[in-house]
Amino acid sequence: MKLLSFAFLLIGFFLMMFFNYSTDILYTSYKTVKSQSQSKALKESIKRGNIVYSDFCVSCHLPNGSGVNKIYPPLANSDYLEANRDASIKGLKFGLKGKIKVNGIEYNKYMPPMGLSAEEIADVMNYTNHSWGNTFGKIVTVAEVSEIK
Amino acid sequence: MYYKLVSLILTIKLSSMKNLNLLLIISFISIVACAQKHKSIIIADDPKTIDYTTEVVVNELDIPWGFVFLPDGSMLITEKSGELIHYNAGVKTKIKGLPEVYLRGQGGLMDIELHPNYRENGWLYITYSSSDGEGEGGNTTLIRAQLIGTKLTSVERLYKAEPNSKRGQHFGSRIEFDKDGYLYFSIGDRGNRDVNPQDITRDCGKIYRLNDDGSIPNDNPFLDFPGAKTAIYSYGHRNPQGMICHPDTGEIWVHEHGPRGGDEINRIKKGGNFGWPLISYGINYSGTSFTDDTDLPGMEQPLFYWVPSIAPSGMAYITSDMYKDWKNNLLIGSLKFEYIERLVLENNKVVKREKILEGMGRVRNVRQGIDGYVYASLEGVGIVKIIPNK
């Protein structure tokens, strides 16, 4: 009986690996189809933004953009990010201090400025605006970032 | 995603196989779904009683990275943004004369330490990130200077790590003197984990040892190694941001950030290889693994490791008699969980962890003042004094 259970567990494990693999393929092809409809400039910017994100943002906001509950606000599916484009850019440029409400939860921390260039800010905004299911607005440009003071 | 799929498969299997051995399922979940292989053996306890109060002695600071007490009881505080602040009896004064700070990612103005004979020679030691030298970006730099009035004078650059990098991570960098007057400081791997930490001909991912004037001690471990950076004292570090000189043994102890899990306390040994990234108790932020090894020949084991990570910053060894039970304990700040950990040691093993000052803010540094009280710097709050109940 134990042997049988073990065999099932083994099958389950391989099934799980397969499911995981196939969902990855599906997700990748979904992303490909979707991004074909986006402008090439946005696509390139998102790609560069991914690198900026992995360097400067990931340790707090995490790879899946979920943040840490009540400490670091989420970026994935974030009502704040969607509704506060200018304030988000400003936060990246000069730091973000004071109370903000994200998806109904209040955060009151200090995000210091990371010393990013206007291009890096545009890229990382485009990355966060168009990752993890987010589809927030049109492309953020370098000119737009430079104008925010 | 793993968790969801595992539970999905288990649900399917459970409904079809009613006589499946439950115990086996549970062990299966724990094997597959538990991405983190090694947990800390001792967990952090909530305190049974809180027998202290707190007082914010310096308020309105953003990221008070480092602070020291001057002999007159006033303080010097480094703000990561590049401000050096003198605080005396309620008055903050900005100190001029600091070299230009390269502000990027985790880099900025970092630690500050006094020379052991500060009263006689007035030397202050400061670390910060600088874009001096060739190449874009910046790297960790150590200077010494003297404070005259409200200005730094006699600024001497003692060390500048190379090459410059635009990466935002892992600048280190705590400063400490040992009992023989040698100066130690740390530099993190600068986000280049597969290139820097294991190569002693390169900077970064190292603990350095210098004489107080910046010259290289003539018994440093890698003087005869071709091409080595001779200031290196130990290597294979990720990002050490806490450093003490053990008051009894004179050993230098550091703690360093791990990736996801795998923060460590290490007892520094001359020429020691602390293994990053070949051995680690942590995994990548993404959940994938980068090494299967936690122990390899010729590499040092930590005194303690944290899984999950607490993001340790700042460390103090308590010699003060003012706090019940705290004497000979380590106090270590947690950026992530916003508390101080009190670690009780027995024969150089951690036997108890307890949370102090929970929920007040991200703890950047913790020190025992010359008055015997414990002080901590908290982001967005300031410098907090911990006052034991009588």
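Going down the list, the protein sequences come from chains A and B.
Residue numbers for the first sequence follow my numbering, beginning at 54 and rising by one.
Residue numbers for the second sequence follow my numbering, beginning at -14 and rising by one.
Glycine included, C-beta positions come from ideal geometry on N, C-alpha and C.
Listed along the chain, the chain A residues whose CB falls inside 9 Å of the CB of Leu88(B) are Pro165, Pro166, Met167, Gly168. Per DSSP, the beta-bridge partners of Thr125(B) are Ser114(B). Cα atoms of Asn187(A) and Thr181(A): separation of roughly 7 Å, rounded to the nearest angstrom. Among the residues of the region 265 to 280 of chain B, those with a Cβ less than 7 Å away from any Cβ of chain A are Tyr270, Ser271, in the order of the chain. Apart from the 5 residues on each side of it in sequence, Asp139(A) sits with its Cβ closer than 8 Å to the Cβ of Ile201 in its chain, given in chain order. Secondary structure in the region 39 to 124 of chain B: the alpha helix (DSSP H) runs of 4 residues or longer, each lying completely within the stretch, are 103 to 106 in chain order. Chain-ordered, the chain A residues with CB closer than 9 Å to the CB of Asp47(B) read Gly148, Lys150, Tyr163, Pro165.
Cβ neighbours of Ile295(B) within its own chain (closer than 7 Å, five residues either side excluded): Asp248, Ser319, Lys321, Phe322, Glu326. Residue contact check for Val177(A) against chain B: no CB pair falls below 8 Å.
A contact between stretches requires three or more CB pairs, one per stretch, nearer than 8 Å, and the region 266 to 282 of chain B fails this requirement with the region 331 to 338 of chain B. Note that the C-beta distance between Val195(A) and Ala171(A) is below 8 Å. Inclusion of Ile80(B) and Lys65(B) in the CB contact set at 8 Å is not warranted, their separation being larger than that value. DSSP, read as helix, strand or coil, puts Met178(A) in helix. The Cβ of Arg152(B) sits closer than 8 Å to at least one Cβ of chain A. Taking C-alpha positions only, Asp356(B) is separated from Tyr113(B) by approximately 28 Å. Here Tyr193(B) is near Ile217(B), since their CB atoms are less than 8 Å apart. For the region 104 to 130 of chain A, the beta-carbon criterion of a distance under 8 Å to any beta-carbon of chain B is satisfied by Asp108, Phe109, Val111, Ser112, Leu115, Pro116, Val121, Ile124. Contacts with chain A at 8 Å (Cβ-Cβ) include Gly176(B).
Contact between Arg89(B) and Gly123(B) holds: their C-beta atoms lie close to 6 Å from each other, under 8 Å. Residue-level contact by beta carbon fails for Lys164(B) and chain A, as no gap is shorter than 8 Å. For the pair Asp117(B) and Lys145(B), the CB atoms are nearer than the 8 Å cut-off. Rounded to the nearest angstrom, the Cβ distance from Asn156(A) to Asp132(A) is 6 Å, consistent with a contact under 8 Å. Phe147(A): member of the alpha helix (DSSP H) spanning 138 to 147, first to last residue. Distance from the CA of Ser139(B) to the CA of Arg129(B), rounded to the nearest whole angstrom, comes to 8 Å.
Secondary structure at Tyr290(B): strand, using DSSP grouped into helix, strand and coil. Against Gly299(B), chain A offers no close residue; the least beta-carbon distance is about 17 Å (beta-carbon pairs closer than 9 Å).
Ile303(B) is a Cβ neighbour of Trp311(B), given a cutoff of 8 Å. A straight line joining the alpha-carbon of Asn117(A) with that of Ser107(A) spans about 11 Å.
Of all residues in the region 55 to 81 of chain B, only Lys65, Ser66 come within less than 9 Å of chain A when Cβ atoms are compared, listed by chain position. Not flagged as an interface residue toward chain A: Gly173(B), since no C-beta distance is shorter than 8 Å. Taking 8 Å as the CB threshold, Glu364(B) lines the interface with chain A.
In the displayed model, Cys113(A) falls within a helix according to three-state DSSP. For Val195(A), no beta strand (DSSP E) segment is defined; the enclosing uninterrupted segment is the alpha helix (DSSP H) at 195 to 200.
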